[in-house]
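Shown next, in structure tokens, is the structure this report addresses.
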Amino acid sequence: STWSFQVHLKSDAPTGDVLLDEALRHIKAMESAETVQTWIELLTGRTWNPFKLQYQLRNVRERIAKALVEKGILTTEKQNFLLFDMTTHPVSNATEKQRLVKKLQESVLERWVNDPHRMDRRTLALLVLAHSSDVLENIFASLADDKYNVAMNRTKDLLDMDPEVEAAKASGAEMIWAVLAAFNK
Numbered sequence: 009s010t011w012s013f014q015v016h017l018k019s020d021a022p023t024g025d026v027l028l029d030e031a032l033r034h035i036k037a038m039e040s041a042e043t044v045q046t047w048i049e050l051l052t053g054r055t056w057n058p059f060k061l062q063y064q065l066r067n068v069r070e071r072i073a074k075a076l077v078e079k080g081i082l083t084t085e086k087q088n089f090l091l092f093d094m095t096t097h098p099v100s101n102a103t104e105k106q107r108l109v110k111k112l113q114e115s116v117l118e119r120w121v122n123d124p125h126r127m128d129r130r131t132l133a134l135l136v137l138a139h140s141s142d143v144l145e146n147i148f149a150s151l152a153d154d155k156y157n158v159a160m161n162r163t164k165d166l167l168d169m170d171p172e173v174e175a176a177k178a179s180g181a182e183m184i185w186a187v188l189a190a191f192n193k
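Going left to right, the sequence shown walks through residues 9 to 193 as our numbering numbers them.
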């Protein structure tokens with residue numbers, strides 16, 4: 009099945025992104041090829057396998073938040089919740105967030121291609137990740153009811169496609185379908 013595809017590194021050339029480069033180093037260092045599902049668990053820090061802890065990325069959420077703070081997209085605030093303080097990262101650059109929301113809205117409305125293989129791969133990946141993060145409805149919340157329904161139905165149809173079949177057809181998007189299958193598992 010697609011979610012059990014093994015990940016094979018094509019290139020370990022630096023990307024310029026610290027987390028991505030670290031993930032590539034871990035994939036390169038692994039002696040045997042691992043599945044997409046295993047790498048998701050390792051790279052999100054959600055594994056307790058003592059034999060694979062050296063491949064686990066540490067403090068992923070905090071590091072992503074820090075990078076977004078450095079880019080000016082988020083800010084860092086301390087909020088008091090009953091007896092303890094908690095660090096939060098509210099959006100400070102609403103323009104960038106709106107740009108992404110608009111891009112995703114347009115991709116399933118005005119620029120809908122009705123074929124995932126003709127869709128921009130980054131847009132397809134964003135839709136899959138938004139779905140997997142349970143924020144897809146928020147992306148379409150500002151739409152009028154009729155457009156909201158069209159957007160949700162098209163996205164549902166897209167995400168309900170068989171990742172196995174779509175990965176077999178995909179030219180360069182196989183990993184996106186494998187990630188969707190792993191999250192749907």
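Where is the CB? At the ideal position from N, CA and C, for every residue including glycine.
All of these numbers come straight from a predicted model, not from anything done at the bench.
Rounded C-alpha distance that separates ILE35 from PHE13: 14 Å
Candidates SER115, GLN45 and THR96: closest to ASN88 by CA position: THR96
Alpha-carbon spacing of LYS110 relative to PRO58, whole angstroms: 43 Å
Residue environment, PHE92, which counts as buried when at least 16 other CB atoms sit within 10 Å: exposed
Beta carbon of LEU151 nearer than 8 Å to that of LEU167: no
Coil, strand or helix - THR84 by DSSP: coil
Euclidean distance between Cα positions of VAL116 and ALA159: 6 Å
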